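Colleague: Quick one: the structure is below, and I'll ask about it shortly.
Quick look at the structure:
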């Protein structure tokens, strides 16, 4: 593989990394507050559907349609995640089951609405998604400028900003301290007067917003319309990124980039002599395979929030 | 007379049980008021009501003469009520300071001002002589220190009324002594203390007044200086109790369990048991005492096969069992009453009958050709329930989860004794049980001893070790520092040895 | 409420709430819930309430049964792992590998039906079991959580299936393989004729056997005893000397076997050729729904499988009534969500019962 090819891979890798990072950060908020969120896949689907739909419907009237699409995706993900919050926080549902139910629901609901709105099993194709951009000044930096600032989707900058903001909120503010306490030892948090339910709601809703945004980012950069398979497991890969990233925002950034590149590799494999002989399916498999390999490699080492997945009941001690 | 806290005619119901029945508790300012009762007497419920964790179904609460409604812990805090929980409520990967300021963080703009927080923690710690490092992580400090962090949490919130829930259960005698001093210091500084306990000695040592509860009812409130321990015990249990275990002198025989130079790693990968050697003979109870976390758990797990030792040998009747599986050891004659009955001793969602056959479910008569014989399982359960007086609602079909702690433990004891192993590893057999169940289990342990079994009793309760054992081995930092005759030692000596402060000359010489 | 009654009443309430929510969504999007209910009734019974000209068509019963068969099997797969305390989302991938193995044996082996068909089924069972063994082994050896691994294995299975069908079995049209020999098929003209040309086939025989085997293993055998012990409390099972890791692997393999069989039932029953798939078909998730609603018991799984099978069979009928077919998935997901909320539903019921209590006691006296 030539250096030139590596440089060419950057925009595609970053395009795929952005939704993974955003969604995984969402997962970070949810799990740090103590709620396992396997529904990220479904949340991304809802965000992607809404993002695509709003973009299609608005593009006649505004050139910024795709940006409204992103916002709409964020809002839709947030609303959808309320279901997970109500089920697992108030009604004490098993969080994995509730998440699974939402994933099934998202598939049904989005395509159902496609049929209602567009009379087909997918949204209409939008003519313009989020546009690539070149950052003035920064793009002149040798090599680095080429990698990061020329003809890239701005979504990666949003993702990196989200990483920094997440780090600040989670580790520097009282809110973050309290949220983490709820994920580690909710009874301790409650005994200090913290409303565990409220903190967990916060965690889940932020995960909904970021997951919805991630879904919208994905469809508006890497696709031309929303279909049932637009997300094809990216939500689960985000969940895996959270695990390798050890529930830390910068770790999530690294893991997201890793998966971004592994996906980008499938696009360039045919140009790389050693890899060209491998079937295309091999590269489709690669991110999933790497996830398993990484899970095994990190087994036992990465420890998530202690109380994530546990049902919290304020009446019990 | 002025009371700082008055709980009047408090009633609290849980599904199927009245935990508090018309209880009145009045506490004088700047006193240490003990609340005495067995497990399940309603002490913790009453204190949880005062701390705002539960709402009473009836009755009123007054603080400083004013009627209040304590709807959640925040209200309690604002009234100056704080609680040191029995199971510490500390976040393990947070620092001491983070745990203390959680929920009331000093800020600089939107950011937590951690320097300021540390400074304040240090100041309070100094004022009450607590000597806590504000920057240490909870998981790195001792249990005694963790308790002080709990105390600091209340002091940071300017609590005036401090509730201590069974504070000494996890402490060494020396740490207990220090805690008593801290409590007195707190009272001289103007605080009021409510001490929940079932240990009479502590009440005698430190409390001014004692209120006794039994089965959710108020039995009475007495001045401690004018009431004997025996009288308080009688009030607590409802009958005269002798805390002394009836037993004849041991007649030890051959060595059944021999441990040679054993090294075992903890779950964290450091050596928990170091070069430990020990012998248990037929017909004796060897008590193993030590502070929690000094290698007891690892030793028990190595003997029963739950962890593999790094090196050393374990011999059962001179047969090397070091590398056998759990199953093979069970078959070879090791019996085990695990320290955590709900986590390890029972499958709570199984029926009682299923729990009784958990070791030998695959053998005749319970199964043939891999198929279970329900009738035989049922008969077996009925026999054990009868012989060991296990109280269960629906006999063999009772879900283990629905049984009381005492009956759960009886079921485990029944199962293990019925298998008639040569060597019994008994860990924390009476933790959290009431006096009746404790007496019963001690009696059965002695009976097994008298049948010629070798018994290794591991307990954190010094009284239990001293009452039941014939010989006592003291474990410290993974090694046996001394083995003494139960009849010729006392609490102080054991306590010093447990804390590593004192070693008898012989043991020390052997260690060098 | 007793535990037993609860096991029956709570799923029923969840099912009712699911249909209620589905109806609300249909109304909210301007469609007729009556048309939906009509389609569902027709999907289950073949009775047409809306069209008096053809009041009964047994073809729908046949279609409803073939829809129920695979999801009963994936339901058993989820439930079996679940009884050992594992949350396996891997039935989808195990099913695909079963389907692929069935395709291979169907295409490559030439033998009379009495040999060929059992070989096809066996190959599918084995392939599913082996695919299931992988997450089992990873869990046992490295304590890697099975949820993420099984999800990843599903995607891997999809692409392995597609690669093999397209490149090795010489796909005719980039979608499917050549048709199988009749000796490999579960199909039977007689079954088709009595159900007016449905795709009904002998697949229900292995499904019934699977249900019986599931119930027998779990409830009657020592193996099932140890699996349940591990499922309820891994630590206690280890204390009792059970081989926890071996049980985890065995349980995942048996679960995989059920799912693998489902793959064969689809491939040599519903279809007559191997298929490349654009994406997962959702049998795995259907199975989770079936098992959860069925309370992880054989009888419950049978009933829940029939419920969701009927719903699937009604999908084309709904579509023809102008109601998007995805409403079935929405109803199914809502039912699962309501089942998951059982504690919440129980709390509501208890409040209700407490209010009722004095009057009912009065009645009894």
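Chains as they are written, first to last, in my numbering: chain A, 10 to 326; chain B, 169 to 680; chain C, 50 to 414. For each residue, glycine too, the CB sits at the ideal point set by N, CA and C. Note that the coordinates shown come from a computational prediction; the quantities given were computed from them, not determined experimentally.
Considering Cα atoms alone, identify which of 128/A, 56/A and 46/A is closest to residue 104/A.
Modeller: Residue 104/A sits at position 95 when you count from the first residue of the first chain. Among 128/A, 56/A and 46/A, the Cα nearest to that of residue 104/A belongs to 46/A.
Colleague: Less than 8 Å between CB atoms is the rule here; does residue 297/C satisfy it with respect to chain A?
Modeller: Here residue 297/C corresponds to residue number 248 of the third chain, with the count starting at 1. Cβ-Cβ to chain A under 8 Å: no for residue 297/C.
Colleague: Ignore the nearest five residues each way along the sequence and tell me which others in residue 447/B's own chain have a CB closer than 6 Å to its CB.
Modeller: Residue mapping note: residue 447/B aligns to position 279 of the second chain, counting from 1. Correct list, in chain order: 423 and 426.
Colleague: Output, in chain order, the set of chain A residues within a Cβ distance shorter than 8 Å of residue 242/B.
Modeller: By one-based count along the second chain, residue 242/B stands at place 74. Here the neighbours are 202.
Colleague: Return the chain-ordered list of same chain residues with a C-beta closer than 6 Å to the C-beta of residue 428/B, the five sequence neighbours on each side being excluded.
Modeller: Here residue 428/B corresponds to residue number 260 of the second chain, with the count starting at 1. Closer than 6 Å at the Cβ level, and outside the excluded window around residue 428/B, lie 445, 480 and 481.
Colleague: For residue 674/B, collect the residues of the same chain with a Cβ closer than 7 Å to its Cβ; drop the 5 residues on either side in sequence, then sort them by chain order.
Modeller: Counted from its first residue, the second chain places residue 674/B at position 506. For residue 674/B, the predicted model reports a pLDDT of 48, less than 50, meaning its position is unreliable and no value from the coordinates is stated.
Colleague: Do residue 221/A and residue 89/A come within 8 Å of each other at the CB atom, strictly closer than that value?
Modeller: The residue labelled residue 89/A in the question sits at position 80 within the first chain. The residue labelled residue 221/A in the question sits at position 212 within the first chain. Contact flag set, yes.
Colleague: When the Cβ atoms of the region 456-466 of chain B are set against those of the region 433-443 of chain B, are three or more pairs found closer than 8 Å?
Modeller: The region 456-466 of chain B vs the region 433-443 of chain B: in contact.
Colleague: When you compare each of 356/C, 383/C and 291/C to residue 497/B by their alpha carbons, which one comes out closest?
Modeller: As a first step, residue 497/B is located in the second chain; it is residue number 329 there, counting from the start. Residue 291/C is the option with its Cα nearest to residue 497/B.
Colleague: Please report the residue range of the beta strand (DSSP E) in which residue 396/B lies.
Modeller: Within the second chain, the letter at position 228 stands for residue 396/B. Element bounds for residue 396/B: n/a, residue is neither H nor E.
Colleague: Give the interface partners of residue 275/B over in chain A, defined as CB-CB distance under 9 Å, in chain order.
Modeller: Along the second chain, read from residue 1 onward, the residue named residue 275/B stands at position 107. The contacting residues are 182 and 183.
Colleague: Find out if the Cβ-Cβ distance for the pair residue 322/C, residue 229/C is shorter than 8 Å.
Modeller: Translated into the one-based positions of the third chain, residue 322/C becomes position 273. Translated into the one-based positions of the third chain, residue 229/C becomes position 180. Their beta carbons are under 8 Å apart, which means residue 322/C touches residue 229/C by this criterion.
Colleague: Residues of chain A with CB under 7 Å from residue 78/C, in chain order?
Modeller: Against the third chain, residue 78/C aligns to sequence position 29. Here the neighbours are 125.
Colleague: Give me the Cα-Cα distance between residue 303/A and residue 317/A, rounded to the nearest whole angstrom.
Modeller: Against the first chain, residue 303/A aligns to sequence position 294. Against the first chain, residue 317/A aligns to sequence position 308. When rounded, the distance between both Cα atoms is 21 Å.
Colleague: Using the Cβ count rule (16 or more neighbours within 10 Å means buried), how would you classify residue 279/A?
Modeller: To locate residue 279/A, count along the first chain from 1; it is residue 270. Residue 279/A should be labelled exposed.
Colleague: For residue 660/B and residue 633/B, I'd like the C-alpha separation in whole angstroms.
Modeller: Position 492 of the second chain, counting from 1, holds the residue named residue 660/B. Position 465 of the second chain, counting from 1, holds the residue named residue 633/B. In a straight line, the C-alpha of residue 660/B is about 14 Å away from that of residue 633/B.
Colleague: Quick check on DSSP: helix, strand or coil for residue 431/B?
Modeller: Position 263 of the second chain, counting from 1, holds the residue named residue 431/B. Residue state, collapsed to three classes: strand.
Colleague: Please name the residues in the region 278-305 of chain B whose beta-carbon is closer than 7 Å to at least one beta-carbon of chain A, in chain order.
Modeller: Within the region 278-305 of chain B, the qualifying residues are 278, 279 and 280.
Colleague: According to DSSP, simplified to helix, strand and coil, what is residue 412/C?
Modeller: Your numbering for residue 412/C matches position 363 in the third chain. No answer about residue 412/C holds up, because its pLDDT of 36 lies below 50 and its placement is not dependable.
Colleague: Check whether the Cβ atoms of residue 392/C and residue 100/A lie closer than 8 Å to each other.
Modeller: Taking the third chain and counting its residues from 1, one reaches residue 392/C at position 343. Taking the first chain and counting its residues from 1, one reaches residue 100/A at position 91. Yes.
Colleague: I want to verify the contact list: residues of chain C whose CB lies under 9 Å from the CB of residue 530/B, in sequence order.
Modeller: Taking the first residue of the second chain as 1, we reach residue 530/B at position 362. Correct list: 271, 272, 274 and 275.
Colleague: Could you tell me the alpha carbon to alpha carbon distance between residue 453/C and residue 186/B, rounded to whole angstroms?
Modeller: Because chain C in this structure spans residues 50 to 414, residue 453/C falls outside the shown range and cannot be described.
Colleague: How long is the line joining the alpha carbons of residue 407/C and residue 398/C, rounded to whole angstroms?
Modeller: Within the third chain, numbered from 1, the residue matching residue 407/C stands at position 358. Within the third chain, numbered from 1, the residue matching residue 398/C stands at position 349. Unreliable placement is indicated for residue 407/C, whose pLDDT of 47 sits below 50; the coordinate value is still reported in the next sentence. When rounded, the distance between both Cα atoms is 15 Å.
Colleague: What residues in the region 297-315 of chain A bring their beta carbon closer than 7 Å to a beta carbon of chain C?
Modeller: Those would be 297, 298, 300, 301, 304, 305, 308 and 309, in chain order.
Colleague: Can you give me the Cβ contacts of residue 84/A inside the same chain, cut-off strictly under 8 Å, excluding the 5 residues immediately before and after it?
Modeller: On the first chain, residue 84/A is found 75 positions in, with the first residue counted as 1. Same-chain partners within the cutoff: 59, 218 and 221.
Colleague: With a threshold of 16 other CB atoms inside 10 Å of the CB of residue 287/B, please say whether the residue is buried or exposed.
Modeller: Position 119 of the second chain, counted from the first residue, corresponds to residue 287/B. Exposed is the call here.
Colleague: Could you tell me which residues DSSP puts in a beta bridge with residue 201/B?
Modeller: Position 33 of the second chain, counted from the first residue, corresponds to residue 201/B. Per DSSP, 362/B and 377/B.
Colleague: Can you round the beta-carbon distance between residue 112/C and residue 247/C to whole angstroms, since I take them to be within the 8 Å contact cut?
Modeller: Within the third chain, the letter at position 63 stands for residue 112/C. Within the third chain, the letter at position 198 stands for residue 247/C. So it is a contact: roughly 5 Å between Cβ atoms.
Colleague: Okay, do the region 516-530 of chain B and the region 599-609 of chain B touch, 3+ Cβ pairs below 8 Å being the bar?
Modeller: Cβ pair count under 8 Å is below three, so no.
Colleague: Roughly how many angstroms lie between the CA atoms of residue 314/B and residue 114/A, to the nearest whole one?
Modeller: Counting from one through the second chain, the residue named residue 314/B turns up at place 146. Counting from one through the first chain, the residue named residue 114/A turns up at place 105. Rounded to the nearest angstrom, the two C-alpha atoms are 46 Å apart.
Colleague: Give me the chain A residues within the contact set of residue 258/B, using Cβ-Cβ distance strictly less than 8 Å, ordered along the chain.
Modeller: Counting from 1 along the second chain, the entry for residue 258/B is found at position 90. Per Cβ cutoff of 8 Å: 194 and 197.
Colleague: Please state whether DSSP places residue 272/B in a helix, a strand or coil.
Modeller: Numbered from 1 along the second chain, position 104 holds the residue referred to as residue 272/B. Reduced to three states, the DSSP call for residue 272/B is coil.
Colleague: Verify whether the separation of the beta carbon atoms of residue 625/B and residue 405/B is less than 8 Å.
Modeller: Against the second chain, residue 625/B aligns to sequence position 457. Against the second chain, residue 405/B aligns to sequence position 237. It is not a contact, given that the beta carbons lie outside the stated cut-off.
Colleague: Would you list the one or two residues that DSSP bridges to residue 182/B?
Modeller: The count along the second chain starts at 1 and reaches residue 182/B at position 14. Its beta-bridge partners are 185/B.
Colleague: Spatial neighbours of residue 98/C within its chain, please: CB distance less than 8 Å, with the 5 preceding and 5 following residues excluded, ordered by chain position.
Modeller: If you number the third chain from 1, residue 98/C lands on position 49. Once the five neighbours on either side are set aside, the close Cβ partners of residue 98/C are 87, 90 and 91.
Colleague: Please say whether residue 309/C and residue 147/C have beta carbons closer to each other than 8 Å?
Modeller: Taking the first residue of the third chain as 1, we reach residue 147/C at position 98. Taking the first residue of the third chain as 1, we reach residue 309/C at position 260. Closer than 8 Å, so yes.
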